[in-house]
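Read top to bottom, the protein sequences are chains A and B.
According to the working numbering, the first sequence is numbered sequentially starting from 7.
According to the working numbering, the second sequence is numbered sequentially starting from 2.
Structure record follows, encoded as structure tokens.
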Amino acid sequence: MLSLRETQRAFLNAIQSGSTDVMESLVQDDGISAELRMQIYRNNCRIGFDSALMATFPVVEKLAGTEWFKQAARRYQATYPSRCGDLQFVGVHYPEFLREDLRGTDYEYFADVAKLEWAYQEVLIAAESTTLDVSSLANVSASEYENLIFMPRTEVGLVTSPFPILDIWKAHQTSTEMLLSPISFDRAPSNIFLIRRNDHVEMRELAEADSMLLQQLMSEVSLGNAAEAAAGIEGFDLGASLRQLIMLQAIHNFRICPRNESHSL
Amino acid sequence: MSIRSITVVGSAGSIPAKSGIGLRSQHHEAIVREQPHIAWLEAHSENYFADGGAQIEHLSKARELYPLSLHGVGLSLGSTDPLNIEHLRKLKRLVNWSEPAFISEHLSWGSVDGTFLNDLLPLPYTEEALTLMISRVMQLQDYLGQQILIENLSSYLQFSCAQLTEWNFLTALSQESGCGLLVDVNNVYVSSRNHGFDAYEYLSALPRKTVKELHLAGHTVNHYGDREILIDTHSAPVCDAVWQLYAHALQCFGAVPTLIEWDTDLPALDVLVAEADKANGYLENAHALAA
Numbered sequence: 007m008l009s010l011r012e013t014q015r016a017f018l019n020a021i022q023s024g025s026t027d028v029m030e031s032l033v034q035d036d037g038i039s040a041e042l043r044m045q046i047y048r049n050n051c052r053i054g055f056d057s058a059l060m061a062t063f064p065v066v067e068k069l070a071g072t073e074w075f076k077q078a079a080r081r082y083q084a085t086y087p088s089r090c091g092d093l094q095f096v097g098v099h100y101p102e103f104l105r106e107d108l109r110g111t112d113y114e115y116f117a118d119v120a121k122l123e124w125a126y127q128e129v130l131i132a133a134e135s136t137t138l139d140v141s142s143l144a145n146v147s148a149s150e151y152e153n154l155i156f157m158p159r160t161e162v163g164l165v166t167s168p169f170p171i172l173d174i175w176k177a178h179q180t181s182t183e184m185l186l187s188p189i190s191f192d193r194a195p196s197n198i199f200l201i202r203r204n205d206h207v208e209m210r211e212l213a214e215a216d217s218m219l220l221q222q223l224m225s226e227v228s229l230g231n232a233a234e235a236a237a238g239i240e241g242f243d244l245g246a247s248l249r250q251l252i253m254l255q256a257i258h259n260f261r262i263c264p265r266n267e268s269h270s271l
Numbered sequence: 002m003s004i005r006s007i008t009v010v011g012s013a014g015s016i017p018a019k020s021g022i023g024l025r026s027q028h029h030e031a032i033v034r035e036q037p038h039i040a041w042l043e044a045h046s047e048n049y050f051a052d053g054g055a056q057i058e059h060l061s062k063a064r065e066l067y068p069l070s071l072h073g074v075g076l077s078l079g080s081t082d083p084l085n086i087e088h089l090r091k092l093k094r095l096v097n098w099s100e101p102a103f104i105s106e107h108l109s110w111g112s113v114d115g116t117f118l119n120d121l122l123p124l125p126y127t128e129e130a131l132t133l134m135i136s137r138v139m140q141l142q143d144y145l146g147q148q149i150l151i152e153n154l155s156s157y158l159q160f161s162c163a164q165l166t167e168w169n170f171l172t173a174l175s176q177e178s179g180c181g182l183l184v185d186v187n188n189v190y191v192s193s194r195n196h197g198f199d200a201y202e203y204l205s206a207l208p209r210k211t212v213k214e215l216h217l218a219g220h221t222v223n224h225y226g227d228r229e230i231l232i233d234t235h236s237a238p239v240c241d242a243v244w245q246l247y248a249h250a251l252q253c254f255g256a257v258p259t260l261i262e263w264d265t266d267l268p269a270l271d272v273l274v275a276e277a278d279k280a281n282g283y284l285e286n287a288h289a290l291a292a
């Protein structure tokens, strides 16, 4: 008799590879083959996995078509098998998978649309945080400004892409207000800011400079170092970008990096 | 909505021996708005593992209106892998703020060597599996600080190495671990038809006092040549044969809180409430017989 662990490995293998050789000897034979019985479990596993993936990436499914989406789901599941019991997380590597799977094709942008949809999900379930009390900055002396580390709110996200992914996303929503004119791929790169307000996720384009600053802040970089990183962007104005992020309620709080610490943490 | 800010207004209390329905996201707003005449709600634990946001808010509002049971589908208790600590941590956080009357999981496994199939898979009913399940259930109860209920599965195969019947396995598990049982009457029916055992004998053999909750659901019938296999799809009304078996279950266990489960092709809320009303009719008969 196989151990429980060996039995579970044989079961898993029969689901993943389709080979039921070992399971044939483990399953009671009552006129219905082990292969057919395992096929029921294989189907159930696929349905659950595909449904979770479709619920997370509905726009990718619409772009690619359901048949392609399901075929790709098999390749994805083989490459990145689920590592947790919560189906809501099966899509964590999907953008990365699509990037590899579609490299060199006309459909590379699907990966960035998936990245946007995953960020949407993350923002949707993130912990709630408060918005920066701007008056608290009044106590910071000018000599400390470059050591300020602004912390973005937890329910904020940022996705950058060379493709017009927000236009694509909007064009595939059912709401009539989202309908757009034809989408142009010959436009500036997308810097999409996501924020949850009143339990709904809002998305909007950010200017490149604002996006760069937010990216730096998300990496817990001090204001001084963030400014250096963004300095190459034409027309970059640190004060203006910071004001824009504060106005968008993207900032939760700040702290002052001690002088003996590196600016870049 | 953030978990830190939640204060549950409804009392933790107990779940009455009446019927409830599964809380599904499609019905969140309607349940809070219409407050249908149901006795309690059951939520899938993993659907509310979020750190914040709308799902948490919806559950919090529903919890203020109804007693709650949490039903897990992803812990993989019967796996030979260790229990997933992060999953346990999220479950405990949810239990702490939502104060459910019942917490349940399945007599199943779903992962091995770190790979999850995210399905409820059958265990071979061996002494080894029983020892593992007893240990895992006790670990979970210790961690959560309260009794859990274990639910029987619908299954589509039987292991030739089985040393116990499913009902003897569940009885031993409840006796050794101190867990309660959640008996899914539809699952008993589906498995009995698939494997040829007597569903009535199954229910009669379970220890009466350990059964704390019953589930009712619909299934589909798949044909393979001249054979058929019943599949537990939660996609249809409860069939007549399962209602009859439910009446027998109530004779065996007395009036027990009963849940109408429906997940696929989810109907309008009033359809679920009508099924729950039907179950209440059976429960009232059981109450009357007991009086």
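In this text, a Cβ means the ideal position worked out from N, Cα and C, and glycines have one as well.
Among residues of its own chain, excluding the 5 on either side of residue i, which ones have a beta-carbon nearer than 8 Å to its beta-carbon?
{"i": "A:A194", "result": "E214"}
{"i": "A:V207", "result": "Y126, V129, L130, L200, I201"}
{"i": "B:K210", "result": "none"}
{"i": "A:I262", "result": "V146, E150, N153, L154, I155"}
{"i": "B:S15", "result": "P68, A102"}
Compare the C-alpha of residue i against each of the options and name the closest.
{"i": "B:N195", "options": "B:G226, B:N281, B:I232, B:E167", "result": "B:I232"}
{"i": "B:L1", "options": "B:L95, B:A102, B:I149, B:R64", "result": "Any property of residue 1 of chain B remains undetermined from this structure, which presents chain B solely from 2 to 292."}
{"i": "A:T160", "options": "B:G53, B:G255, B:E202", "result": "B:G53"}
{"i": "B:K19", "options": "B:E128, B:Q176, B:V257", "result": "B:V257"}
{"i": "B:D207", "options": "B:T259, B:D278, B:D227, B:Q176", "result": "It is worth fixing the name first, because residue 207 of chain B is Leu in this sequence and not Asp. Nearest option by C-alpha distance: B:Q176."}
{"i": "B:L165", "options": "B:L246, B:Y203, B:G179", "result": "B:Y203"}
{"i": "B:C162", "options": "B:L174, B:T127, B:H249", "result": "B:T127"}
{"i": "B:T221", "options": "B:T259, B:L174, B:Y157, B:V212", "result": "B:Y157"}
{"i": "B:K93", "options": "B:D278, B:E47, B:S136, B:L284", "result": "B:E47"}
{"i": "B:F160", "options": "B:L145, B:N169, B:L124", "result": "B:L124"}
{"i": "A:E150", "options": "A:A133, A:R15, A:L229", "result": "A:L229"}
{"i": "A:E212", "options": "A:K68, A:M224, A:V165", "result": "Strictly speaking, residue 212 of chain A in this sequence is Leu, with Glu absent from that position. Nearest C-alpha to A:L212: A:V165."}
{"i": "B:E65", "options": "B:E35, B:L84, B:S99", "result": "B:S99"}
Using a Cβ-Cβ distance cut-off of 7 Å, determine whether residue i contacts chain A.
{"i": "B:A275", "result": "no"}
{"i": "B:R228", "result": "yes"}
{"i": "B:F50", "result": "yes"}
{"i": "B:A237", "result": "no"}
{"i": "B:G1", "result": "With chain B covering 2 to 292 only, the question about residue 1 of chain B has no answer from this structure."}
{"i": "B:A269", "result": "no"}
{"i": "B:G54", "result": "yes"}
{"i": "B:E65", "result": "no"}
{"i": "B:E285", "result": "no"}
{"i": "B:E30", "result": "no"}
{"i": "B:K19", "result": "no"}
{"i": "B:E58", "result": "yes"}
Kindly say whether residue i, judged by its beta-carbon, lies nearer than 7 Å to any beta-carbon of chain B.
{"i": "A:P158", "result": "no"}
{"i": "A:L254", "result": "no"}
{"i": "A:R43", "result": "yes"}
{"i": "A:G273", "result": "An answer regarding residue 273 of chain A cannot be provided, because it is not within the stretch 7 to 271 covered by chain A."}
{"i": "A:P170", "result": "no"}
{"i": "A:Q34", "result": "yes"}
{"i": "A:T62", "result": "no"}
{"i": "A:Q127", "result": "no"}
{"i": "A:T13", "result": "yes"}
{"i": "A:D205", "result": "yes"}
{"i": "A:A132", "result": "yes"}
Taking 6 Å as the cut-off, is the beta-carbon of residue i closer than that to any non-hydrogen atom of the ligand ATP?
{"i": "A:S196", "result": "Ligands are entirely absent from the displayed structure, and the ligand ATP is therefore not among its contents."}
Leaving out five residues before and five after residue i in sequence, what residues of the same chain have Cβ atoms less than 6 Å from its Cβ?
{"i": "B:L121", "result": "H107, S109, L154"}
{"i": "A:V66", "result": "F116, V119, A120"}
{"i": "A:A79", "result": "D56, L59"}
{"i": "A:S135", "result": "R159, T160, H258"}
{"i": "A:M1", "result": "There is simply no residue 1 of chain A to check, as chain A begins at 7 and stops at 271 in what is shown."}
{"i": "B:R137", "result": "L78"}
Keeping to the same chain, check which residues put their C-beta closer than 7 Å to that of residue i; ignore five residues upstream and five downstream.
{"i": "A:T85", "result": "F103"}
{"i": "A:V96", "result": "F55, A58, L59, S88"}
{"i": "A:L251", "result": "D216, L219, L220, I257"}
{"i": "B:N281", "result": "K19, S20"}
{"i": "B:L273", "result": "I22, I261, W263"}
{"i": "B:A250", "result": "V184, V186, L204, L215"}
Entirely enclosed alpha helix (DSSP H) segments - the stretch 14-80 of chain A, minimum 4 residues:
27-32, 40-62, 64-70
Against chain A: residues of the stretch 76-107 of chain B by CB proximity under 9 Å:
L76, S77, G79, S80, T81, D82, N85, E87, H88, K91
Can you pull out the residues from the stretch 104-133 of chain B whose beta carbon lies closer than 9 Å to at least one beta carbon of chain A?
W110, G111, S112, V113, D114, G115, T116, F117, L118, N119, D120, L121, L122, P123, L124, P125, T127, E129, A130, L133
Could you name the residues of the stretch 158-170 of chain B whose beta carbon sits closer than 9 Å to any beta carbon of chain A, in the order they occur along the chain?
L158, Q159, F160, S161, C162, A163
Ignoring anything shorter than 4 residues or poking outside the stretch 97-126 of chain B, list the alpha helix (DSSP H) runs there in chain order.
none
Residues in the stretch 82-108 of chain A with C-beta within 8 Å of chain B's C-beta atoms, listed in sequence order?
P87, S88, R89, C90, G91, D92, L93, Q94, V96
Tell me which residues of the stretch 32-48 of chain B have at least one Cβ-Cβ distance to chain A shorter than 7 Å, keeping chain order.
E47
Given a limit of 7 Å on CB to CB distance, which residues of the stretch 215-237 of chain A reach chain B?
none
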